[in-house]
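K.L.:
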Ligand SMILES: CC(C)(COP(=O)(O)OP(=O)(O)OC[C@H]1O[C@@H](n2cnc3c(N)ncnc32)[C@H](O)[C@@H]1OP(=O)(O)O)[C@@H](O)C(=O)NCCC(=O)NCCS
Ligand SMILES: CC(C)(COP(=O)(O)OP(=O)(O)OC[C@H]1O[C@@H](n2cnc3c(N)ncnc32)[C@H](O)[C@@H]1OP(=O)(O)O)[C@@H](O)C(=O)NCCC(=O)NCCS
């Protein structure tokens, strides 16, 4: 070892450190500038919305028929307002958004915005993959539960369900913060599923559970398979949307996208409706069971939850699909 | 309504919108610059660490006694290395950090770094407040469970425990990402508590549970009270650390801080040790119960978990306190 050569090396490293320090200082400056620009944007967006609402209100308050020469101007103003709203929404996508109450409680006041478009797509991708993996695990466990009737195996499966649905609600809330247009019902669906799995957890072993047990496991096997089909559909959508987003990519047209989506949807929908039918059937089985003597309260609660899931899923899907046609 | 005056207003709004657009463009530029500076800082920090390790390795490899004239230089180099490590750590606090595996699974790949020092303190504050509120709710529920013996009330309480401990592990992982030096055991403690609450959830009602029930509720009442004392201590620490961090504030000296901490700790410690004693006692009660005929597996698992908590808490506290003296 030569201490002097080491000292020289250290001196060199020192110079590099000075660069790092100045880079870090610049970084902190940039961060402050970024925050102040964010603030300005937020305020201006708010101001724009406020003034536009005033203008719209004035337009609406006008009494009597609009003179023909004004008609055109009014229409134009309304069209421009709509366009501006879309523009503001677009700008908001680049700014961090506040978390909803649920995330605030679970995570505390931490920012979960993803500002970069590519990172947003990657996050969504990751979410779909997470669902897929957990569904494969769930499928395997449900399958084993069909073959064996061990309480430990059963409990492990139900714990998995509680954890899975709970995690989904968290991830979906993060997606929501980052501008996903996921319908409120699907998030509610996963809350309700968490509650349902919790009820199953405390449902005492006994005659009633044993009657429902096999049906429940078959139901889970079926749902896992449907989830797998859904994964294929969402993955395809995501891939095509990404390709559409990249301007240079000419492989995909809007028409091609729509026709693909329609084929995907019409393949998927029958499976979904059978799934909803299965949920209704579960509710019915449990309802009959609840009327038998000495049924624990879990039976009727589960019947109600399955009914709720059936109604909500049915209504949302029947409402979403025609909406997609109109697009 | 005067359509022309509205049009004028719109024109004005248009000008402001142009400003907003340019502000947003600048913002996006800043964001890109920020990312590139981040990347440079990361790379340089890695480089500094790598080179320092090399230098340290060379120093260590030197065989034979170090000549007297080099001794001083070697010492100086070692001192500088230590100082540099602290400096690098300081710089890292201003950069976003990657989440650990647990957060990656629950939240997906989203950034939960808090870059601003004040926001970090606020987040910690918020975490302490969250614990306090949930402890008050827990205390009330444990208290009602002492008075009434309703299964529904009991289940609500245990569900709350599962949710509370699970949420704690998430929030503590976020604290960890943001540079908290919270010991691994306290996080493990809350994982184990989640598991324990899960086991309680599926412990069938019956003779054994009824024997342990009251003791468990008393234990929870006690823990809630201890948590309240802990809150006072942590709150005081946080307040004083913040005051120390603000250079201009002369109310608090390092010595004053240490003496306050010692008074706080010596007040708190007896209560903690009684709590650990209570955990050991729970383990012992359950162990005896497990030996009685027809005890379900939950009894012995809970005995093991309480024993684990007792040993871990005892060991960690006994290890932390002398370490704090040495500081
Ligand atoms: C009907 C369906 C196929 C339509 O999907 P779609 O074409 O993506 O619908 P939308 O255009 O309304 O989607 C809007 C957003 O919500 C998301 N989304 C739609 N359904 C979702 C679901 N069930 N879970 C999570 N996210 C969903 C979409 O990915 C999209 O996200 P984005 O804004 O980030 O791109 C879809 O809602 C679906 O699969 N529903 C069935 C779910 C179900 O019933 N599960 C239980 C099985 S029995
Ligand atoms: C012993 C004790 C009072 C020391 O607290 P302290 O002075 O803050 O200890 P440290 O200096 O090691 O703290 C390091 C960090 O860990 C945090 N921390 C310490 N104990 C913690 C705990 N039990 N839970 C969560 N965070 C904790 C501190 O807030 C600090 O955070 P920071 O780096 O963000 O500032 C504390 O660890 C404690 O209260 N332990 C008992 C917990 C317990 O046994 N609970 C069960 C009751 S029976």
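Chains as they are written, first to last, in my numbering: chain X, 1 to 327; chain P, 328 to 654.
Where is the CB? At the ideal position from N, CA and C, for every residue including glycine.
This one's a predicted model, so the numbers in the text were calculated from it and none came from an experiment.
Using a Cβ-Cβ cut-off of 7 angstroms (strictly less than) and excluding sequence neighbours within five positions of residue 295 of chain X, which residues of its own chain qualify?
P.N.:
Same-chain partners within the cutoff: 208, 289.
K.L.:
Quick check on residue 618 of chain P: buried or exposed, where buried means 16 or more other Cβ atoms within 10 Å of its Cβ?
P.N.:
Flag for residue 618 of chain P reads exposed.
K.L.:
Does DSSP put residue 253 of chain X in a helix, a strand or coil?
P.N.:
Note: residue 253 of chain X maps to coil in three-state DSSP.
K.L.:
Looking at ligand 1, does it come within less than 8 angstroms of residue 181 of chain X, judged from the CB to the closest heavy atom?
P.N.:
Checking every heavy atom of ligand 1 against the Cβ of residue 181 of chain X, one is found closer than 8 angstroms.
K.L.:
Going along the chain, which residues of the stretch 455–486 of chain P sit with their C-beta nearer than 8 angstroms to a C-beta in chain X?
P.N.:
Answer in chain order: 457, 482, 486.
K.L.:
Tell me whether residue 115 of chain X counts as near ligand 1, meaning its Cβ is closer than 8 angstroms to at least one heavy atom of that ligand.
P.N.:
No, since every heavy atom of ligand 1 falls outside the 8 angstroms radius drawn around the Cβ of residue 115 of chain X.
K.L.:
Of all the residues that make up the stretch 486–514 of chain P, which are near chain X by a beta-carbon distance shorter than 7 angstroms?
P.N.:
Listed in sequence order: 486, 494, 497, 498, 501.
K.L.:
Determine, for residue 401 of chain P, whether the minimum Cβ-Cβ distance to residues of chain X falls below 9 angstroms.
P.N.:
Yes, because at least one Cβ of chain X sits closer than 9 angstroms to the Cβ of residue 401 of chain P.
K.L.:
For chain X, check one thing: does any of its Cβ atoms lie closer than 9 angstroms to the Cβ of residue 385 of chain P?
P.N.:
Cβ-Cβ to chain X under 9 angstroms: yes for residue 385 of chain P.
K.L.:
Given a cut-off of 9 angstroms on the beta-carbon distance, is the pair residue 321 of chain X and residue 265 of chain X in contact?
P.N.:
It is a contact, given that the beta carbons lie within the stated cut-off.
K.L.:
Mind listing the chain P neighbours of residue 204 of chain X? Cutoff is C-beta to C-beta under 8 angstroms, in chain order.
P.N.:
Within 8 angstroms Cβ-Cβ: 531, 532.
K.L.:
Strictly under 9 angstroms for the Cβ-Cβ distance: is residue 348 of chain P near chain X by that measure?
P.N.:
So yes, residue 348 of chain P belongs to the interface.
K.L.:
Roughly how many angstroms lie between the CA atoms of residue 24 of chain X and residue 131 of chain X, to the nearest whole one?
P.N.:
Their Cα atoms are separated by approximately 39 angstroms.
K.L.:
Checking contacts by CB at 9 angstroms: is residue 16 of chain X closer than that to chain P?
P.N.:
Yes, because at least one Cβ of chain P sits closer than 9 angstroms to the Cβ of residue 16 of chain X.
K.L.:
Between the alpha carbons of residue 427 of chain P and residue 564 of chain P, how many angstroms are there, rounded?
P.N.:
Those two C-alpha atoms are separated by around 27 angstroms.
K.L.:
Please report the straight-line C-alpha distance between residue 47 of chain X and residue 105 of chain X, rounded to a whole angstrom.
P.N.:
Looking at the two C-alpha atoms, the distance is approximately 30 angstroms.
K.L.:
The alpha helix (DSSP H) spanning residue 367 of chain P covers which residue range?
P.N.:
330–388 is the extent of the alpha helix (DSSP H) around residue 367 of chain P.
K.L.:
Less than 9 angstroms between CB atoms is the rule here; does residue 80 of chain X satisfy it with respect to chain P?
P.N.:
Yes, its Cβ sits closer than 9 angstroms to a Cβ of chain P.
K.L.:
Within this structure, are the beta carbons of residue 30 of chain X and residue 420 of chain P separated by less than 9 angstroms?
P.N.:
The answer is no: Cβ separation not under 9 angstroms.
K.L.:
Using a Cβ-Cβ cut-off of 9 angstroms, state whether residue 24 of chain X counts as contacting chain P.
P.N.:
Closer than 9 angstroms to some Cβ of chain P, the Cβ of residue 24 of chain X qualifies, so yes.
K.L.:
Which whole-angstrom value is the C-beta distance of residue 102 of chain X and residue 178 of chain X, which I expect to be below 8 angstroms?
P.N.:
The Cβ separation is near 15 angstroms, so there is no contact.
K.L.:
Have a look at P:386, P:540, P:497, P:382 and flag the residue whose alpha-carbon is nearest the alpha-carbon of residue 474 of chain P.
P.N.:
Considering only alpha carbons, the answer is P:540.
K.L.:
Along the chain, where does the alpha helix (DSSP H) containing residue 549 of chain P start, and where does it finish?
P.N.:
Note, residue 549 of chain P: alpha helix (DSSP H), 534–572.
K.L.:
Take residue 257 of chain X and list the residues in its own chain whose beta-carbon comes closer than 7 angstroms to its own, dropping the five residues that flank it on each side.
P.N.:
Closer than 7 angstroms at Cβ, skipping near neighbours: 240, 244.
K.L.:
Under the rule that 16 or more other beta-carbon atoms within 10 Å means buried, what is residue 369 of chain P, buried or exposed?
P.N.:
Answer is exposed; the Cβ neighbour count stays below 16.
K.L.:
Shorter than 8 angstroms, the distance from the beta carbon of residue 233 of chain X to the closest heavy atom of ligand 1, or not?
P.N.:
Yes - ligand 1 has a heavy atom lying nearer than 8 angstroms to the Cβ of residue 233 of chain X.
K.L.:
Considering only heavy atoms of ligand 2, does any lie closer than 8 angstroms to the CB of residue 222 of chain X?
P.N.:
No; taking the cut-off as 8 angstroms, the Cβ of residue 222 of chain X has no heavy atom of ligand 2 nearer than that.
K.L.:
Tell me whether the beta-carbon of residue 159 of chain X lies closer than 9 angstroms to the beta-carbon of residue 201 of chain X.
P.N.:
Contact: yes.
K.L.:
Is the beta carbon of residue 195 of chain X closer than 9 angstroms to that of residue 305 of chain X?
P.N.:
Yes; because the gap between Cβ atoms is below 9 angstroms, this pair is in contact.
K.L.:
Taking contact to mean 3 or more Cβ pairs, one atom from each stretch, closer than 8 angstroms, check whether the stretch 160–170 of chain X and the stretch 183–193 of chain X are in contact.
P.N.:
Touching, yes.
K.L.:
Whole angstroms is fine: what's the gap from residue 376 of chain P's alpha carbon to residue 364 of chain P's?
P.N.:
Going from the Cα of residue 376 of chain P to the Cα of residue 364 of chain P covers about 18 angstroms.
K.L.:
Please determine whether the Cβ atom of residue 61 of chain X lies at a distance below 8 angstroms from any heavy atom of ligand 2.
P.N.:
No, the Cβ of residue 61 of chain X stays beyond 8 angstroms of every heavy atom of ligand 2.
K.L.:
Does residue 47 of chain X have its Cβ less than 9 angstroms from a Cβ in chain P?
P.N.:
Output row for residue 47 of chain X: interface = yes.
K.L.:
Within the same chain, show all residues whose beta-carbon is closer than 8 angstroms to that of residue 483 of chain P, passing over the 5 residues directly before and after it, in chain order.
P.N.:
Excluding sequence neighbours, residue 483 of chain P sits near 468.
K.L.:
Checking 9 angstroms against the spacing of the C-beta atoms, do residue 135 of chain X and residue 228 of chain X come in under that value?
P.N.:
Going by C-beta atoms, residue 135 of chain X is nearer than 9 angstroms to residue 228 of chain X.
K.L.:
Please confirm if residue 611 of chain P has its CB atom under 9 angstroms from at least one CB of chain X.
P.N.:
By this cut-off, residue 611 of chain P is not an interface position.
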